[in-house]
Amino acid sequence: MSSPARTPQPSGDAHRAPSDVRLSVEQASYAYSPNPSQAPSFTLEALSFQAKPGEIVAILGPNASGKSTLLQLISGALQPLSGRIFLNGFETHSLPPKTRAQRIAFVQQESKLLFPSRVWEFVMHGRHAHGRGVRFETGSDVLIVKNALAQVGAEHLSDRWMNKISGGEKQRVILARALAQQPLLLLLDEPTLHLDIGAQVDLLETLRRLAAANRYTVVVVTHELSLAGEYADQIVLMQKGKCLRVGPPASVYQRDLLEQVFQAPLSVEMTSSGRPRVTLLSKD
Amino acid sequence: MRPLTLSRILLRCAILFAILFVTVVIALKLGAVQVSLYGLGRDLIHVLLRQSSALSTDYGMIVVDIRLPRILLAIIVGASLSVAGTSFQALLRNPLADPYVLGISSGAAVGSILALILENQLSISPAFSGLLTPLGAFLGAAITIAAVYVLGRRQGQLDSFTLLLGGIITASFLSAIIMLLMSTLSSGNLRGASYWMMGSLSTLPPSSLLYLIGIGFLVAAGIIYTTASDLNLLLSGEQEAMHLGVDVPRVRIVVYLGASLLTGLAVSVSGAIGYVGLLVPHAMRLIFGSDHRMLLPAAALGGAIALVIADTIARTIAAPSELSVGAVTAIFGAPFFIYLLRSRLP
């Protein structure tokens, strides 16, 4: 039932106007060593890709392939060892914390609160970067928070406690907090990790809708091959700290390549919409 | 959705202040010498309005000169310890953090004792000698919290249980050091080991030092308050706070220094009074929520109220002899600590 992957179609984005590019990763690399005197225990080899407003980029790869490190580099939390990462022409690492948070929102796998707070209070934290010192929320902050909750379909949760809502609801609230930051770039680290399949699809539908409506550039780290193939505009395929392939799903999703990277037999079919569909096969 | 406003904070603080005032009046009334509530209230308002000459009752002067300074000391120490506890809880991301439990108060006590010894040895001019003890206490607190922080890390992460154990061991080690210092040095004005280890408000500092501690409290608490919004975000972790725009290293150092200063100031004039910094912030969180813009001032006023009450109990429960105020706070605080340990930590 496996069918050979089709030859990749040439990407229409090959000659992008530079002004159209929002995120530009240029030969960025990184090395991590627990002890500075020793050889690094993990290296991310130099890689490059670009993304436009409204685009969804999925970073794919097995465990320990450097996906999360790449996301941290893009967020500016880590400084590249070499190369540079630009957001609208500014290096993400050298932005001051508040400016960075006004432009880049980072959605982590989960959020552990020390003390319980209401959903709306949690989402209001997204407005922190837009004020100074000890600030009090304005009417426009309230509107933005309400709007962010509505965009992820969570307005009914507003007055609930964060520790009393389900995993899927929590993930949507964390996303709402990111939207309240009104960022240009939305980064998500395995947002579907603790979600059931229905909630995963919901989340990615929401992401696609938001990327189109708000012109966010979205970069998402995920293990979900099929969902990424369905929803992403670009795939960055990684293995052991190397970037193997960058391009639209149709060109990256080749059966041999994916089988070699993920060490699992699978099949790749093209659907009528021109998107690849990946099916995992049993090992026998 | 009802965002916090400045006027709501001020209103709640006004209510807490009124409760504090009533507590002070009752605390002034209770004691060996009986005085009427009405007379006391009137005298207290005279003192607040700086019209001490208009004091009416016969006992007014005694009450104002003996009980009031002690109550003022309780207010400042209680507010300091409580704000320090609130800060340490957010900074260390541990609901059980408290200056006493983590050994920070013991560190401040050792610093105070060493400063007192140094003062005797060096015979510094009296103008500076008053400053030496709070300074030593501040350094003792700052060094201890840094040590506990290092002890509490496992694989680069702050671990709740390791931090608590590290703090408790540090506290017992420093208590042993206090005992050692006390038994080897029989110098005149070191006060007793139980003063430093349990805390007491019975030894009044000179009024100049009381002023200094009061100003120090306002400065340190004010500095910590500038980070109130950042502390709210720190509750969801340093990584997340950083991504939300908090300058984490700056906030950490500001709160660390501010909370060390508060602990040092409090301990230098009252010894290591325990559990105020644990009990009060949690009680205030239950009432007002965990927003630090409201919580910090509420903790200050709540800490003041709690310690005035605790000291009044300590003064009166076994009258005419006196119980150490630290014993009173521990009787209420230790069971509460156990409750938090079993309910709040994962």
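Chains as they are written, first to last, in this note's numbering: chain W, 1 to 284; chain V, 1001 to 1346.
No residue lacks a Cβ here, since even glycine has one placed at the ideal position from N, Cα and C.
Note that the structure is predicted; figures quoted are calculated from it, not measured.
Would you report the Cα separation of residue 132(W) and residue 1254(V), rounded to the nearest angstrom?
-> For this step, residue 132(W) is matched to residue 132 along the first sequence. For this step, residue 1254(V) is matched to residue 254 along the second sequence. A straight line joining the alpha-carbon of residue 132(W) with that of residue 1254(V) spans about 16 Å.
Curious, which full-length alpha helix (DSSP H) runs of at least 4 residues does the segment 1251–1307 of chain V contain?
-> Counting whole runs of 4 or more residues, the segment 1251–1307 of chain V contains the alpha helix (DSSP H) stretches 1276–1288.
Please confirm if the segment 1231–1244 of chain V is in contact with the segment 1102–1117 of chain V, defined as three or more CB-CB distances below 8 Å between the two stretches.
-> no
Just to confirm, are residue 1302(V) and residue 1283(V) a CB contact at a threshold of 8 Å?
-> Start at 1 with the first residue of the second sequence, and residue 1302(V) comes out as number 302. Start at 1 with the first residue of the second sequence, and residue 1283(V) comes out as number 283. In contact: residue 1302(V) and residue 1283(V) (Cβ atoms closer than 8 Å).
How many whole angstroms separate the CB atoms of residue 66(W) and residue 270(W), which I take to be in contact at a CB cut-off of 8 Å?
-> As a first step, residue 66(W) must be located in the first sequence, where it is residue number 66. As a first step, residue 270(W) must be located in the first sequence, where it is residue number 270. About 29 Å; that fails the 8 Å criterion.
According to the neighbour-count rule (16 or more other Cβ atoms, all chains shown, within 10 Å of its Cβ), is residue 1155(V) buried or exposed?
-> Position 155 of the second sequence, counted from the first residue, corresponds to residue 1155(V). Looking at its Cβ environment, which holds fewer than 16 other Cβ atoms inside 10 Å, residue 1155(V) is exposed.
Along chain A, which residues have their Cβ under 8 Å away from the Cβ of residue 136(W)?
-> Of the protein chains in the structure, W and V, none is chain A.
For residue 1314(V) and residue 111(W), the rounded distance between their alpha carbons = Mapped onto the first sequence, residue 111(W) falls at position 111. Mapped onto the second sequence, residue 1314(V) falls at position 314. Distance between the alpha carbons of residue 111(W) and residue 1314(V): 43 Å.
For residue 17(W), name the three-state secondary structure that DSSP assigns.
-> As a position in the first sequence, residue 17(W) is number 17, starting the count at 1. Low per-residue confidence applies at residue 17(W): pLDDT is 45, beneath 50, and the placement is therefore not dependable, though the value from the model is reported in the following sentence. Note: residue 17(W) maps to coil in three-state DSSP.
Residue 112(W), DSSP secondary structure in three states = For the purposes of this step, residue 112(W) is identified with residue 112 of the first sequence, where counting begins at 1. Reduced to three states, the DSSP call for residue 112(W) is coil.
Would you tell me roughly how many angstroms separate the C-alpha atoms of residue 89(W) and residue 50(W), rounded to the nearest one?
-> Here the question's residue 89(W) lines up with position 89 in the first sequence. Here the question's residue 50(W) lines up with position 50 in the first sequence. If I take the Cα positions, the gap works out to 12 Å.
From this set, 1241(V), 1211(V), 1184(V) and 1216(V), which residue's C-alpha is nearest residue 1072(V)'s C-alpha?
-> As a working note, residue 1072(V) is residue 72 in the second sequence. Ranking the options by Cα distance to residue 1072(V), first place goes to 1211(V).
Kindly list the residues whose CB is nearer than 7 Å to the CB of residue 1223(V), restricted to its own chain and excluding five residues on each side of it in sequence; keep chain order.
-> Translated into positions along the second sequence, residue 1223(V) becomes position 223. Excluding sequence neighbours, residue 1223(V) sits near 1254 and 1258.
Those residues which DSSP pairs with residue 29(W) across a bridge = Reading the first sequence from its first residue, position 29 is the one you call residue 29(W). In the DSSP output, where bridge partners are listed per residue, residue 29(W) has 82(W).
Residue-chain proximity (residue 1243(V), chain W), Cβ-Cβ < 8 Å = Indexing the second sequence from 1 puts residue 1243(V) at position 243. Output row for residue 1243(V): interface = yes.
Span separating the alpha-carbon of residue 1337(V) from that of residue 1045(V) = Translated into the one-based positions of the second sequence, residue 1337(V) becomes position 337. Translated into the one-based positions of the second sequence, residue 1045(V) becomes position 45. Residue 1337(V) and residue 1045(V) have their alpha carbons spaced roughly 38 Å apart.
Assigned secondary structure, residue 269(W) (DSSP; H/G/I helix, E/B strand, else coil) | Looking up residue 269(W) in the first sequence gives position 269. In the structure shown, residue 269(W) sits in a strand (DSSP, three-state: E or B).
Using a Cβ cut-off of 7 Å, which residues of the segment 1080–1101 of chain V contact any Cβ in chain W, in chain order?
-> 1093 and 1095
Consider the Cβ of residue 1285(V): report whether some Cβ of chain W lies at a distance smaller than 8 Å.
-> Within the second sequence, residue 1285(V) is the residue found at index 285, counting from 1. When Cβ-Cβ separations below 8 Å define contact, residue 1285(V) makes contact with chain W.
Do the segment 1192–1199 of chain V and the segment 1241–1250 of chain V make contact, defined as three or more Cβ pairs closer than 8 Å?
-> no
Residue 1105(V) versus residue 1285(V): straight-line alpha-carbon distance, rounded | As a working mapping, residue 1105(V) is identified with position 105 in the second sequence. As a working mapping, residue 1285(V) is identified with position 285 in the second sequence. Each residue's alpha carbon lies about 23 Å from the other.
Contacts that residue 1233(V) makes with chain W (C-beta to C-beta distance below 7 Å) | Position 233 of the second sequence, counting from 1, holds the residue named residue 1233(V). In chain order: 125 and 128.
Quick one: does the C-beta of residue 1141(V) sit closer than 7 Å to a heavy atom of the ligand NAP?
-> Ligands are entirely absent from the displayed structure, and the ligand NAP is therefore not among its contents.
What residue range is occupied by the uninterrupted alpha helix (DSSP H) comprising residue 1182(V)?
-> The residue you call residue 1182(V) lines up with position 182 of the second sequence. Here the alpha helix (DSSP H) through residue 1182(V) covers 1160–1184.
So which of 113(W), 31(W) and 54(W) has the shortest CA-CA distance to residue 79(W)?
-> As a first step, residue 79(W) is located in the first sequence; it is residue number 79 there, counting from the start. Cα-wise, what sits closest to residue 79(W) is 31(W).
CB-CB length for residue 1355(V) against residue 1316(V), believed under 8 Å = Coverage of chain V is limited to positions 1001 through 1346, which leaves residue 1355(V) absent and any answer about it impossible.
C-beta contact flag for residue 105(W) and residue 187(W) at 8 Å | Here the question's residue 105(W) lines up with position 105 in the first sequence. Here the question's residue 187(W) lines up with position 187 in the first sequence. Going by C-beta atoms, residue 105(W) is nearer than 8 Å to residue 187(W).
Note down, in chain order, every chain W residue with its Cβ under 7 Å from the Cβ of residue 1237(V).
-> As a working note, residue 1237(V) is residue 237 in the second sequence. By Cβ distance, chain W contributes 112.
Would you be able to state if there are at least three C-beta pairs under 8 Å between the segment 1088–1106 of chain V and the segment 1172–1183 of chain V?
-> Yes, since at least three Cβ pairs between the segment 1172–1183 of chain V and the segment 1088–1106 of chain V fall closer than 8 Å, the two stretches touch.
Indicate whether at least one CB of chain W lies closer than 8 Å to the CB of residue 1247(V).
-> Numbered from 1 along the second sequence, position 247 holds the residue referred to as residue 1247(V). Yes, residue 1247(V) counts as interfacial toward chain W.
Close Cβ partners of residue 62(W) (< 7 Å) along its chain, the five nearest in sequence each way excluded | Stepping through the first sequence from its first residue, residue 62(W) is reached at position 62. Within the same chain, residue 62(W) has close Cβ partners 239, 261 and 262.
Looking at C-alpha atoms only, which residue of 1099(V), 1280(V) and 1239(V) is the closest neighbour of residue 1261(V)?
-> As a first step, residue 1261(V) is located in the second sequence; it is residue number 261 there, counting from the start. The shortest Cα separation from residue 1261(V) among 1099(V), 1280(V) and 1239(V) belongs to 1099(V).
Compare the C-beta of residue 75(W) with all C-beta atoms of chain V and state if any pair is closer than 8 Å.
-> Position 75 of the first sequence, counting from 1, holds the residue named residue 75(W). Interface residue, yes.
Whose C-alpha, out of 1038(V), 1043(V), 1070(V) and 1310(V), is nearest the C-alpha of residue 1323(V)?
-> Your numbering for residue 1323(V) matches position 323 in the second sequence. Per the Cα distances, 1310(V).
Closer than 7 Å at the beta carbon, the chain W residues around residue 1228(V) | Start at 1 with the first residue of the second sequence, and residue 1228(V) comes out as number 228. 134, listed in chain order.
Can you tell me whether DSSP reads residue 1064(V) as helix, strand or coil?
-> Counted from its first residue, the second sequence places residue 1064(V) at position 64. In the structure shown, residue 1064(V) sits in a helix (DSSP, three-state: H, G or I).
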